[in-house]
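Peer 1: Heads up: the sequence shown runs through residues 1 to 340, numbered per UniProt numbering.
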Amino acid sequence: MVAYREFPAKLRPDCTGRHLFDTVCRIIGLREIWYFGLQFVNKKGIPCWLQMDKKVNKQEVPKQADGSIHLIFLVKFYPEDVEEELIQDITRHLFFLQIKQSILSMQLYCSAEASQGDCTEGSQLQLSELLPDCVIKQYDMSPQMWEERIRRWWINNSGQSSISFQNNKETDLTLGVSAQGIGIYKETNRITPRPFFSWSEIKNISFKNKVFSMRTMDKSTITFRAKDMSINMSILDLCVGTHNLYLRRRQPDLLEVQQMKVQAKEQRVRRIHEQNRLAREREQRIQAEAERDQYKTEIAAINKQLLTMKEALKKTEENAHLMAEKARVSEEEALVLSKR
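(1) If I measure Cβ to Cβ from Ala324 and keep anything under 8 Å in the same chain, skipping five residues before and after, which residues do I get?
(2) Taking its Cβ as the centre, do 16 or more other Cβ atoms sit within 10 Å of Val329, making it buried, or is it exposed?
(3) Going by alpha carbons, who is nearest to Leu245 out of Asp22, Ile33 and Gln267?
(4) Is there a Cβ from chain E that is less than 8 Å from the Cβ of Ser164?
(5) Under 8 Å between the Cβ atoms of Leu50 and Gln59?
(6) List the endpoints of the continuous beta strand (DSSP E) containing Val41.
(7) Which residues in the same chain as Val56 place their Cβ atom closer than 8 Å to its Cβ, once the five residues preceding and following it in sequence are excluded?
(8) What do you reckon, are the CB atoms on Gln98 and Val75 nearer than 8 Å?
(9) Buried or exposed for Thr91, please, with buried defined as at least 16 other CB atoms from any protein chain shown within 10 angstroms of its CB.
(10) Given a threshold of 16 other Cβ atoms within 10 Å of its Cβ, counted over all protein chains shown, does Thr242 qualify as buried or as exposed?
(11) What is the rounded straight-line gap between the Cα of Arg285 and the Cα of Gln305?
(12) Straight-line CA distance for Lys219 to Met233?
(13) Take Glu170 as the anchor and find which of Gly183, Glu187 and Ser161 has the nearest alpha-carbon.
(14) Taking only runs of the beta strand (DSSP E) that begin and end inside the stretch 178–215, which ones reach a length of at least 3 residues, in chain order?
(15) Taking C-alpha atoms, which residue in Glu201, Ser198, Ala226 and Pro195 lies nearest to Lys208?
(16) Compute the beta-carbon to beta-carbon distance between Ile235 and Ile163, rounded to the nearest angstrom, for a pair I have assumed lies under 8 Å.
(17) Give the range of the alpha helix (DSSP H) segment to which Ile28 is assigned.
(18) Phe165 bridges to which residues according to DSSP?
(19) Give the range of the beta strand (DSSP E) segment to which Arg250 is assigned.
(20) Pull up the distance between the alpha-carbon of Asn276 and that of Gln267, whole angstroms please.
(21) Under the three-state reduction of DSSP, which class applies to Lys219: helix, strand or coil?
(22) State the beta-bridge partners of Gln160 as determined by DSSP.
(23) I need the straight-line Cα distance from Gln166 to Leu175, nearest angstrom please.
(24) With DSSP as the reference, please indicate the residues paired to Val75 in a beta bridge.
(25) At what residues does the beta strand (DSSP E) containing Pro62 begin and finish?
(26) Could you name the residues of the same chain whose beta carbon sits closer than 7 Å to that of Ser178, not counting the 5 residues immediately before and after it, in chain order?
(27) Rounded to whole angstroms, what is the Cα-Cα separation between Ala334 and Ala327?
(28) Ile27: which of Phe7, Arg194, Val41 and Thr297 sits nearest, CA to CA?
(29) Quick one: which unbroken alpha helix (DSSP H) runs of 4-plus residues sit fully inside the stretch 218–304? Chain order, please.
(30) Go to Pro47, then tell me how far its beta strand (DSSP E) extends in each direction, as first and last residue.
(31) Identify which residue in Glu281, Asn168, Trp199 and His93 has its Cα closest to the Cα of Arg249.
(32) Using DSSP bridges, identify the partner residues of Ile69.
(33) Can the beta-carbon of Ile205 be found closer than 8 Å to that of Ile46?
(34) Is the separation between the beta-carbon of Ala25 and that of Gln39 shorter than 8 Å?
(35) Can you give the beta carbon distance from Ala264 to Gln88, rounded, assuming they're within the 8 Å contact cut?
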């Protein structure tokens, strides 16, 4: 699982991918199931997605020495707008866990500012430390424009699945499937797709053996060759599922989604109220502690004054007693002298 929790389960011979997937979703309490899938690595070391409509034991899931199979619950499809489309907190949490793991494993690039948060100006990395001056001056762009361009590149390349392919000239390429469409990246430039096809431009996607074909609305056909047929099966599955979500976003929400949005909104309102209440209590506690400390300081000052006055009074009493004793001695001496 993305949170590194294992859920052992016994599989019936007739268990399908859908039944197993639904079981996992029920265990973790997930309702936005359309973003996720079960992944395994076949005997050739190629990551594959479990097919929902097929029996698990009929798919190329390798068995371990003890006869068990290992599947990983992962994000399979990405939204166009995370803030608007991811409704439940558990869905956002699972996305966060997977993106965090992808960054730690270097599958995703994370900028220093995104990693460390907002820092003081003196402690932030400067663009000149990341890009040589000769590169910056080579293009008619200011450092601020470079930063904006890099930030936009990073945003555009997050939330997509990448698969290695070759074209007819046996050139290594990368195919990126995202919520917006399909991009083709050169090995020397994995930032900007050359070209990029939105889902509205794509008419048909198919594959035969190791050859993957994509036909556009202008009737042009682009073909690729994968190292293994299972890669084409996975990419077709990703394309179909992502395109279905693309169409679904442009239709009215289902009743279940509307209910989830209402519930999520109510939960967030309650959470905001609870946070505000806790914030008020925290402020009140801080104020009470400050007043208590002030009272302690004032009481300590008063006690110090009382102690000083007590010591002064004691000293005065001692002086008075000493003066009285001196007066008594003087009287006695005067009395003796008078008798002589």
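From the three backbone atoms N, C-alpha and C, an ideal C-beta is built for every residue, glycine too.
Peer 2: In this structure, then:
(1) none
(2) exposed
(3) Ile33
(4) As a matter of chain content, chain E is missing from the structure shown, which is built from one protein chain.
(5) yes
(6) Phe36 to Val41
(7) Leu11, Cys15, Thr16, Gly17, Leu20, Leu50 and Ile69
(8) yes
(9) buried
(10) buried
(11) 30 Å
(12) 23 Å
(13) Glu187
(14) 181–186, 196–198 and 202–208
(15) Ala226
(16) 5 Å
(17) Gly17 to Ile28
(18) Leu173
(19) Premise fails: Arg250 is in no beta strand (DSSP E) and is neither H nor E.
(20) 14 Å
(21) coil
(22) Ser178
(23) 10 Å
(24) Phe36
(25) Unbroken run through Pro62: none, as it is neither H nor E.
(26) Tyr78, Gly159 and Gln160
(27) 10 Å
(28) Phe7
(29) 229–249
(30) Pro47 to Trp49
(31) Trp199
(32) Lys63
(33) no
(34) The question names Ala, but residue 25 in the sequence shown is Cys. In this structure, Gln39 does not lie closer than 8 Å to Cys25 by Cβ.
(35) 6 Å
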